[in-house]
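Colleague:
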Amino acid sequence: MVTSWQGKVALITGASSGIGEAIARRLAAEGLTVILVARRLDRLDALAGEIRAAGGQAQVIPADLAQEADRLALFNQVGRKFGCPDVLVNNAGFAYYGFTDRMSWETAHALLDVNVTALVHLTRLFLPAMLARRSGRIINIGSVNGVMPSQGTALYSASKAFVHAFTAALYRELVGSGVTVSVVLPGPVATELFDNSEKMENGFRIPAEKGAISAARVAGSVWSLLRRPHRYVFVPWYWRWTALAEAYFGWAMDLAGPLLLKRTKEKGFLQS
Ligand SMILES: NC(=O)c1ccc[n+]([C@@H]2O[C@H](COP(=O)([O-])OP(=O)(O)OC[C@H]3O[C@@H](n4cnc5c(N)ncnc54)[C@H](OP(=O)(O)O)[C@@H]3O)[C@@H](O)[C@H]2O)c1
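Quick note, this note's numbering runs 2 ahead of the 1-based positions in the sequence shown.
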């Protein structure tokens, strides 16, 4: 068990907005040194400035995590400056809302690169050093979409299902090693995700935008997980029902799909 988090180092990907930014603020407020990673340097610098002004410690490392060269450069830079971080938060990600047949391959490729490949690569890069010193925490940000895949988010749901399965298997590999890995499974969260993600057509409904919780609430769950590691946590807890619902009532979701998603008439499918 880690007895004090003061001065520990946490690397947070996707820290320039939303959930990653909230996690960075929370961990810095709890006394950790945070390494902020994303592409938008201006946002990272502004966040680091606010954290330092509040008495915290923050370091900015810009990186496009879709690029293998950037991931390796990040690993080397962190190694030179901090050695191995105590906490790795794999949070960076984005979504695509629309019919899969209309999604460009470039979008699909980029989504897999960020949501899946970068998460595996960073884990693979930092895990050996964590194991060697028999301590470390890896927190992966999944989604209830990975537990109950929904129409209109096929690839995003699949990327998050990967995160869920990867975390579960790795957790079992790591038992007794001193290193833990957890997946955080939020329902809808009020962030820029819905604005930043490509939507195929006007009026495309994203039911998830309704009833979203704050990113700070997810950050609170991450902080709890660091102190009391579990394999997974739903945020809020009541999204647990999705696991049972998918197993026993997935057929109802199959039927409800057309109500949530509409194709235009010329595509010869459902239309309003
Ligand atoms: N919002 C929700 O309802 C919700 C629910 C469940 C799970 N999640 C998950 O939570 C995580 C954070 O999303 P969010 O809701 O906080 O959305 P967000 O505000 O759009 O944040 C996404 C973060 O990912 C970073 N990112 C995206 N592509 C990147 C790349 N190629 N290289 C480096 N960083 C990249 C973005 O930074 P730059 O653009 O500056 O690079 C940004 O900091 C994602 O994994 C998402 O799937 C979100």
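We put the CB at the ideal spot given by N, CA and C, even for glycine.
Source: prediction; values computed, not measured.
Figure out for me which residue from 227, 194, 134 and 86 has the closest Cα to the Cα of residue 94.
Modeller: Taking only the C-alpha atoms, the option nearest residue 94 is 194.
Colleague: My guess is that residue 176 and residue 145 are in contact by the Cβ rule of under 8 Å, so how many angstroms apart are they, rounded?
Modeller: Actually they do not touch by this definition, with Cβ atoms about 22 Å apart.
Colleague: Taking 7 Å as the cut-off, is the beta-carbon of residue 66 closer than that to any non-hydrogen atom of ligand 2?
Modeller: With respect to ligand 2, the structure offers nothing, as its ligand set consists of ligand 1.
Colleague: Is residue 194 near ligand 1 - that is, is its Cβ less than 7 Å away from at least one heavy atom of it?
Modeller: Within the cutoff, so yes.
Colleague: Relative to the alpha-carbon of residue 1, which residue among 33, 85 and 155 has its alpha-carbon at the smallest distance?
Modeller: This structure does not reach residue 1, given that the chain is present from 3 up to 274, and the question cannot be answered.
Colleague: Contact defined as beta carbons within less than 8 Å: I believe residue 120 pairs with residue 68. What is the distance between those atoms, to the nearest angstrom?
Modeller: Sure, about 7 Å apart at Cβ, within 8 Å.
Colleague: Residue 26 to residue 162, Cα distance in whole Å?
Modeller: Straight-line Cα distance between these residues: approximately 21 Å.
Colleague: Taking the alpha-carbon positions, what's the residue 39 to residue 169 distance?
Modeller: Going by the C-alpha atoms only, they are around 21 Å apart.
Colleague: Can you tell me whether DSSP reads residue 236 as helix, strand or coil?
Modeller: Of the three classes helix, strand and coil, the one that applies to residue 236 here is strand, per DSSP.
Colleague: For residue 21 and residue 247, which I take to be in contact (beta-carbon distance under 8 Å), what is that distance rounded to the nearest angstrom?
Modeller: So it is not a contact: roughly 24 Å between Cβ atoms.
Colleague: Apart from the five residues on each side of it in sequence, which residues of its chain come closer than 7 Å, Cβ to Cβ, to residue 79?
Modeller: These residues qualify, in order along the chain: 63.
Colleague: Examine ligand 1 and report whether any of its heavy atoms sits within less than 7 Å of the Cβ of residue 244.
Modeller: No, since every heavy atom of ligand 1 falls outside the 7 Å radius drawn around the Cβ of residue 244.
Colleague: Going straight from the alpha carbon of residue 254 to that of residue 153, what length do you get?
Modeller: If you take the alpha carbons of residue 254 and residue 153, they lie about 13 Å apart.
Colleague: Since residue 138 sits in a beta bridge, which residues does DSSP pair it with?
Modeller: The partner list for residue 138 (beta bridge, DSSP) reads 181.
Colleague: Mind checking which residues open and close the alpha helix (DSSP H) that includes residue 220?
Modeller: Residue 220 -> alpha helix (DSSP H) spans 217-229.
Colleague: Quick one: any contact between the segment 96-114 and the segment 48-65, if contact means 3 or more CB pairs under 8 Å?
Modeller: Counting Cβ pairs under 8 Å, fewer than three are found: no touch.
Colleague: When the Cα atoms are used, what is the spatial distance from residue 97 to residue 65?
Modeller: Using only the alpha carbons, I get a separation of about 19 Å.
Colleague: What residues in its chain sit with their C-beta under 7 Å from that of residue 133, if we drop five residues either side in the sequence?
Modeller: Contacts found: 179 and 181.
Colleague: What's the gap between the Cα of residue 90 and the Cα of residue 139?
Modeller: Spanning the two alpha carbons is a distance of roughly 6 Å.
Colleague: Relative to the C-alpha of residue 49, which candidate in 18, 147 and 196 has its C-alpha closest?
Modeller: Closest by alpha carbon: 18.
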